[in-house]
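Engineer:
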Amino acid sequence: MTGTSKRARVARRGAVAIAVVLALLAGGYATFVAVKSPLSIASVEVEAASVVSEGDGYLVRYTPSGEVLLRMTLHNDGRLPVRLTGLRAPWVPTSDPATSPPIAPFYQATAVGFDADEVTAFQPVTLRAGHAVSVGLRLTMCPAGTPGTDAGRFTAHQITLIYAYAGWERAHTEDLTQTVSAPFYKCDYAGRRP
Numbered sequence: 172m173t174g175t176s177k178r179a180r181v182a183r184r185g186a187v188a189i190a191v192v193l194a195l196l197a198g199g200y201a202t203f204v205a206v207k208s209p210l211s212i213a214s215v216e217v218e219a220a221s222v223v224s225e226g227d228g229y230l231v232r233y234t235p236s237g238e239v240l241l242r243m244t245l246h247n248d249g250r251l252p253v254r255l256t257g258l259r260a261p262w263v264p265t266s267d268p269a270t271s272p273p274i275a276p277f278y279q280a281t282a283v284g285f286d287a288d289e290v291t292a293f294q295p296v297t298l299r300a301g302h303a304v305s306v307g308l309r310l311t312m313c314p315a316g317t318p319g320t321d322a323g324r325f326t327a328h329q330i331t332l333i334y335a336y337a338g339w340e341r342a343h344t345e346d347l348t349q350t351v352s353a354p355f356y357k358c359d360y361a362g363r364r365p
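In the numbering used here, the protein residues as written are 172 to 365.
Shown next, in the form of structure tokens:
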């Protein structure tokens, strides 16, 4: 056995060991990025014609075609920039509400942004590490509705954030720091489209 073939085997073993270590590191990084959300909800405010602050949340009364503004401050707790591309209310139907009745009095949710205290159309935004942004949802109630058979209330306690982080596109559902409660209502469309 020559010295060069022995050196070649040692070099191959070293290269394989380095490749295995790099694969494990990349896998760990990918798992961390895929599981841990860098965004956190720092605060939640609710604005509506008829809203009452109640303990750890807000109580909203049903108003035909009424609007509720859910404003939140998102903070980037990660080490890399986050590109926020959308917001979604998992409890508002995404298909035609006339054929897919909502479980709450809300039939539409529109993502919004804020310029100081003025509500603006939502635009994707990049948050640097350690920075925050105010965004929200404009929730529209059913134009006409009848109280649900259950005398209880619907409580919204989560929001879905859609963003890109470290090259990965994600949709992550976060708990709200304040809940929004409203009575159960069945939307009555009677041929009308919202």
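Think of the CB as a built atom: it goes at the ideal place given N, C-alpha and C, for glycine as much as any other residue.
Just so it is clear, the structure is predicted and the values come from calculations on it, not from any experiment.
State the start and end residues of the unbroken beta strand (DSSP E) segment that holds R157.
Structural biologist: The shown model of the chain, from 172 to 365, leaves out residue 157, and the question about it has no answer.
Engineer: Let's test the definition: count the other Cβ atoms within 10 Å of the Cβ of P276 and tell me whether it reaches 16, buried, or not, exposed.
Structural biologist: Buried, since its Cβ has 16 or more Cβ neighbours within 10 Å.
Engineer: Could you tell me the alpha carbon to alpha carbon distance between T171 and G257, rounded to whole angstroms?
Structural biologist: Because the chain spans 172 through 365 in this model, residue 171 falls outside it and cannot be assessed.
Engineer: Pull up the distance between the alpha-carbon of V306 and that of V215, whole angstroms please.
Structural biologist: Each residue's alpha carbon lies about 10 Å from the other.
Engineer: Mapping the DSSP letters down to three states, classify A260 as helix, strand or coil.
Structural biologist: It is coil, neither helix nor strand.
Engineer: Is R232 helix, strand or coil when you go by DSSP?
Structural biologist: Note: R232 maps to coil in three-state DSSP.
Engineer: Given a threshold of 16 other Cβ atoms within 10 Å of its Cβ, counted over all protein chains shown, does V231 qualify as buried or as exposed?
Structural biologist: So V231 ends up on the buried side.
Engineer: Quick one: what does DSSP say L251 is sitting in, helix, strand or coil?
Structural biologist: Here L251 sits in coil by DSSP.
Engineer: What number of angstroms, rounded off, separates the C-alpha of M312 from the C-alpha of F325?
Structural biologist: Each residue's Cα considered, the two are about 13 Å apart.
Engineer: For a test of the three-state rule: what should DSSP assign to P354, helix, strand or coil?
Structural biologist: Strand, per DSSP.
Engineer: Roughly how many angstroms separate the alpha carbons of Q349 and I330, rounded to a whole number?
Structural biologist: Spanning the two alpha carbons is a distance of roughly 11 Å.
Engineer: Got a sec? Which residues, its chain only, sit under 6 Å from P209 by beta carbon, not counting five neighbours each side?
Structural biologist: These residues qualify, in order along the chain: N247, D248, G249, V253 and Y336.
Engineer: Taking DSSP as the reference, what is the three-state secondary structure of S208?
Structural biologist: If DSSP states are grouped into helix, strand and coil, S208 belongs with coil.
Engineer: Here's the rule: buried if 16 or more other CB atoms are within 10 angstroms of the residue's CB, otherwise exposed. What is V283?
Structural biologist: When all chains shown are included, V283 counts as buried.
Engineer: According to DSSP, is G301 helix, strand or coil?
Structural biologist: Residue state, collapsed to three classes: coil.
Engineer: Tell me where the beta strand (DSSP E) around A315 begins and ends.
Structural biologist: Run containing A315: none; DSSP gives neither H nor E here.
Engineer: Do you know offhand how far D346's Cα is from I212's?
Structural biologist: Near 8 Å, if we compare the C-alpha coordinates of I212 and D346.
Engineer: Which residues share a DSSP beta bridge with F285?
Structural biologist: According to DSSP, which records beta bridges pairwise, F285 is partnered with V290.
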